[in-house]
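Visitor: In my numbering, the protein residues as written are 68 to 801.
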Ligand code: GCW
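(1) Report yes if the C-beta of residue 246 is less than 7 Å from at least one heavy atom of the ligand GCW; otherwise report no.
(2) Within the same chain, show all residues whose beta-carbon is closer than 7 Å to that of residue 239, passing over the 5 residues directly before and after it, in chain order.
(3) How big is the Cα-Cα spacing for residue 372 and residue 459?
(4) To the nearest angstrom, how far is it from the Cα of residue 574 to the Cα of residue 511?
(5) Compute every distance between the C-beta of residue 489 and the non-hydrogen atoms of the ligand GCW, then say whether any falls below 7 Å.
(6) Among the candidates 92, 94, 97, 103, whose CA atom is the shortest distance from the CA of residue 591?
(7) Can you tell which of 151, 101, 656 has the C-alpha that lies nearest to the C-alpha of residue 134?
(8) Applying the criterion that 16 or more other CB atoms from any shown protein chain within 10 Å of the CB defines a buried residue, is residue 657 buried or exposed?
(9) When DSSP labels each residue in this structure, what does residue 375 get in the three-state scheme?
(10) Nearest CA to the CA of residue 599: which residue from 751, 686, 504?
(11) Taking just the CA atoms, how far does residue 126 sit from residue 93?
(12) May I ask which residues mark the beginning and end of the alpha helix (DSSP H) holding residue 748?
(13) Could you please give the first and the last residue of the uninterrupted beta strand (DSSP E) stretch that includes residue 244?
(14) What is the C-beta distance between residue 552 and residue 209, in whole angstroms, given that I count them as a contact (C-beta under 8 Å)?
(15) Could you give the DSSP three-state label for residue 577: helix, strand or coil?
(16) Drop a sphere of 10 angstroms on the beta-carbon of residue 700, count the other beta-carbons inside from all chains shown, and report buried for 16 or more, exposed for fewer.
(17) Is the region 339–357 in contact with the region 278–287, if contact means three or more CB pairs nearer than 8 Å?
(18) Within 10 angstroms of the Cβ of residue 305, are there 16 or more other Cβ atoms? Answer buried if so, exposed if not.
(19) So residue 726 and residue 606 are supposed to be a Cβ contact under 8 Å. How far apart are they, rounded?
(20) Measure the C-alpha to C-alpha separation of residue 564 and residue 274 and round it to an integer number of angstroms.
(21) According to DSSP, what are the bridge partners of residue 190?
(22) May I ask which residues mark the beginning and end of the beta strand (DSSP E) holding residue 411?
(23) Does the beta-carbon of residue 374, which I'm using as the reference point, lie nearer than 7 Å to any heavy atom of the ligand GCW?
(24) Once DSSP output is grouped into helix, strand and coil, what is the label at residue 798?
(25) Could you tell me the boundaries of the beta strand (DSSP E) in which residue 556 lies?
(26) Which of the three DSSP states is assigned to residue 328 in this structure?
(27) Using the three-state DSSP reduction, which class does residue 840 fall into: helix, strand or coil?
(28) Which residues mark the beginning and the end of the beta strand (DSSP E) in which residue 157 is found?
(29) Alpha carbon to alpha carbon, how far is residue 243 from residue 794? Give it in angstroms, no decimals.
(30) How would you call residue 680, buried or exposed, if buried means at least 16 neighbouring beta carbons within 10 angstroms?
(31) Can you tell me the Cα-Cα spacing of residue 78 and residue 746, whole angstroms?
(32) Which of the three DSSP states is assigned to residue 271 in this structure?
(33) Return helix, strand or coil for residue 40, following the three-state DSSP convention.
(34) Which residues does DSSP list as the beta-bridge partners of residue 169?
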């Protein structure tokens, strides 16, 4: 017995000795807010005291708490709250409270005038002749954002005396959409259960909610829709309003408003009305009462997000009304409280139309095309929505595919505020298994030139309302769950981060964002930053290549959307089948969206339409999105289309192998925990990339009847093998 005790003691001493001083487990929980000790060289002029000028508030408290936490980590010192500035003190001050003894107060005031309600200014200044760091803003939330921004710079390795920032968000509405169900399952969630513990709310508040608020505020995200767009009526019952109110209370100091997704037929389902017709006064009165009830519990409630008449959800069309009728009725209930409606444009044809199409009634020149349907329903409603309605449009016209051209609605509704909807969770890009940094994808869509009215106007500018004064917003379908690292994998955190940063400023560059994220998440060591940024920047294109190169889309498995299934042709709706999208046969492959096909190109501005109407002027990355071409179509590369397709699939797989090799070289620079986690995922990604490549090539080879080009490795298994795979327990299935 004594021997055992001695052994245990020795083992314990050894274990403790093995943990380096100050080491914290790198389990990803802290996201990019790790605040690891600064190198000595960077410690000069870093404040060790703080002075908050003027009255305090929960938001200023939050800023102070973050600064203390941050500096505690960065310096290993407790930050002193001082009544008077001393050398290097960090001064937090609203514009209205700027201390008279601030040397350059007039310049600060002038700068603040440009920064709006949420912007911030950070600079070195002199107070009573003492050098200080000033964080100033017009409102408390700016002080919080400024504090985070300043801490970010320190984490990036910027010397304290060199930090000078002035920033304001370019969009007022920067929102996460949680597709979280009331039973804590998450539709298309790959990071564990929902972080919202609905069952335990409102009495029990998970400390994680606060860390969620911090992480989002650090990016400037200012809204969150708590529940799935495939919503349940119960979420508007009193118990869930109380639960949402508890969450709202925690998020409020961080500048984050709570919104709810609502089900169109809620009053009917709760048996409180006899209809859900938006023009029925009884229905409108119910929603008004419901809005009043919500605002009694959540005075700053943001509003509703609605998925109506889409994928089986009820909506105003059930009563012969249109989307504007529906959205406006809800908007009028919210308007007295300054609430908004975010009405989704993710709709496609009615079952009857789709059935007609699936019976092969397509006439030449008029083939059915799901990609055209949202435009067909929404464009005629431009200008018909109430002021507090925003139409939320997915980045592309199909469905969050690895690559889509920008949705034509962005160029077609100048009289309606539009919201961009990105999907941060990687439903179609390898779940949380594959490393795919989405920054370049977000940037690609935001930068798409709509050419409204013949002028150059990017999607980002449209959403900002630059041309028509209809200011919109941006939403991201969250990839957040209760898994320890929040997003299911380390690199998936970067997608949350990139979304938040681009929501704040669409002009930021995705490469710079990747670098910034990596510096905070791993370390600002250049030997690490260059390769990590490189891996991230090539990752999304790799996924495109091994899943859906050259503009192919919607080739994934049914329902769960995991893995390749280009052969699927038996689903109830024609436009749920991969064969509907790729149309591969002996004579060619691709979807003709040109004038002789579905003419989807006509939904873009004339210059854009002209470019996409011809294969010669369509970028190769979108070729098969817009055109159906013979296999021997000559590509710019000199290869035939078939050879090019094969080469792309191979290139995608090779890219993953290269990413893997690059990661292996980083072993000495990354903690063992995260190194191993990423290495395992990359290995799995490589296996799955090969699977995609093999299954798709086996299928397209059969469809085309063509041999593989010389020297190309044949698929590892016969096509039948790939067709036989099934995944009944894949995660995230709605
Ligand atoms: O991409 C599809 C998803 C559904 C989702 C839908 C939507 C919430 O497969 O799970 O439903 O889009 O955006 O409404």
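Just so you know, even glycine gets a beta-carbon here, dropped at the ideal spot from N, CA and C. Remember, predicted model here, so these are calculated numbers, not experimental data.
Guide: Well, looking at it:
(1) Position 179 of the chain shown, counting from 1, holds the residue named residue 246. For the ligand GCW, at least one heavy atom lies less than 7 Å from the Cβ of residue 246.
(2) As a first step, residue 239 must be located in the chain shown, where it is residue number 172. Cβ contact annotation for residue 239 (same chain, cutoff 7 Å, sequence separation greater than five): 538, 540, in chain order.
(3) Translated into the one-based positions of the chain shown, residue 372 becomes position 305. Translated into the one-based positions of the chain shown, residue 459 becomes position 392. Taking the straight line joining both Cα atoms gives about 9 Å.
(4) For the purposes of this step, residue 574 is identified with residue 507 of the chain shown, where counting begins at 1. For the purposes of this step, residue 511 is identified with residue 444 of the chain shown, where counting begins at 1. Approximately 11 Å, taken between the alpha carbons.
(5) Position 422 of the chain shown, counted from the start, is the residue given in the question as residue 489. Checking the Cβ of residue 489 against the ligand GCW gives no.
(6) As a working note, residue 591 is residue 524 in the chain shown. Closest by alpha carbon: 103.
(7) Translated into the one-based positions of the chain shown, residue 134 becomes position 67. Residue 134 has its Cα closest to that of 101, out of 151, 101, 656.
(8) Within the chain shown, the letter at position 590 stands for residue 657. Residue 657 comes out buried.
(9) Residue numbering aside, residue 375 sits at position 308 when the chain shown is read from its first letter. In the structure shown, residue 375 falls within a coil segment according to DSSP collapsed to helix, strand and coil.
(10) Along the chain shown, one-based indexing puts residue 599 at 532. Closest in C-alpha terms to residue 599, from the list 751, 686, 504, comes 504.
(11) Walking along the chain shown from the start, residue 93 turns up at place 26. Walking along the chain shown from the start, residue 126 turns up at place 59. So the two alpha carbons sit approximately 29 Å from each other.
(12) Walking along the chain shown from the start, residue 748 turns up at place 681. Residue 748 -> alpha helix (DSSP H) spans 739–771.
(13) On the chain shown, residue 244 is found 177 positions in, with the first residue counted as 1. Its beta strand (DSSP E) spans residues 240–244.
(14) Your numbering for residue 552 matches position 485 in the chain shown. Your numbering for residue 209 matches position 142 in the chain shown. About 30 Å; that fails the 8 Å criterion.
(15) Position 510 of the chain shown, counted from the first residue, corresponds to residue 577. Of the three classes helix, strand and coil, the one that applies to residue 577 here is helix, per DSSP.
(16) Working through the chain shown from its first residue, we reach residue 700 at position 633. It counts as buried.
(17) no
(18) Start at 1 with the first residue of the chain shown, and residue 305 comes out as number 238. By the neighbour-count rule (16 or more Cβ atoms within 10 Å), residue 305 is not buried but exposed.
(19) Here residue 726 refers to the residue found at position 659 of the chain shown. Here residue 606 refers to the residue found at position 539 of the chain shown. About 6 Å separates the two Cβ atoms, so the contact holds.
(20) Residue mapping note: residue 564 aligns to position 497 of the chain shown, counting from 1. Residue mapping note: residue 274 aligns to position 207 of the chain shown, counting from 1. Cα-Cα distance, rounded: 21 Å.
(21) The residue labelled residue 190 in the question sits at position 123 within the chain shown. According to DSSP, which records beta bridges pairwise, residue 190 is partnered with 201.
(22) Along the chain shown, one-based indexing puts residue 411 at 344. From DSSP, the beta strand (DSSP E) with residue 411 extends over 407–411.
(23) The count along the chain shown starts at 1 and reaches residue 374 at position 307. Yes, the Cβ of residue 374 comes within 7 Å of a heavy atom of the ligand GCW.
(24) Working through the chain shown from its first residue, we reach residue 798 at position 731. Reduced to three states, the DSSP call for residue 798 is coil.
(25) Locating residue 556 in the chain shown gives position 489, counting from the first residue. First-last for residue 556: undefined, no H or E at that position.
(26) Position 261 of the chain shown holds residue 328. Correct three-state label for residue 328: strand.
(27) Only positions 68 to 801 of the chain appear in the structure, and residue 840 is not among them; the question remains open.
(28) Translated into positions along the chain shown, residue 157 becomes position 90. 157–161 is the span of the beta strand (DSSP E), which, as asked, contains residue 157.
(29) Taking the first residue of the chain shown as 1, we reach residue 794 at position 727. Taking the first residue of the chain shown as 1, we reach residue 243 at position 176. So the alpha carbons of these two residues sit roughly 29 Å apart.
(30) For this step, residue 680 is matched to residue 613 along the chain shown. With 16 or more other Cβ atoms within 10 Å, it is buried.
(31) Residue mapping note: residue 78 aligns to position 11 of the chain shown, counting from 1. Residue mapping note: residue 746 aligns to position 679 of the chain shown, counting from 1. With a pLDDT of 48 at residue 78, under the threshold of 50, the modelled position of this residue cannot be trusted; read the value that follows with caution. Their Cα atoms are separated by approximately 30 Å.
(32) Counted from its first residue, the chain shown places residue 271 at position 204. Coil at residue 271, not helix or strand.
(33) This structure leaves residue 40 out entirely; the chain is present only between 68 and 801.
(34) Your numbering for residue 169 matches position 102 in the chain shown. Bridge partners of residue 169: 194.
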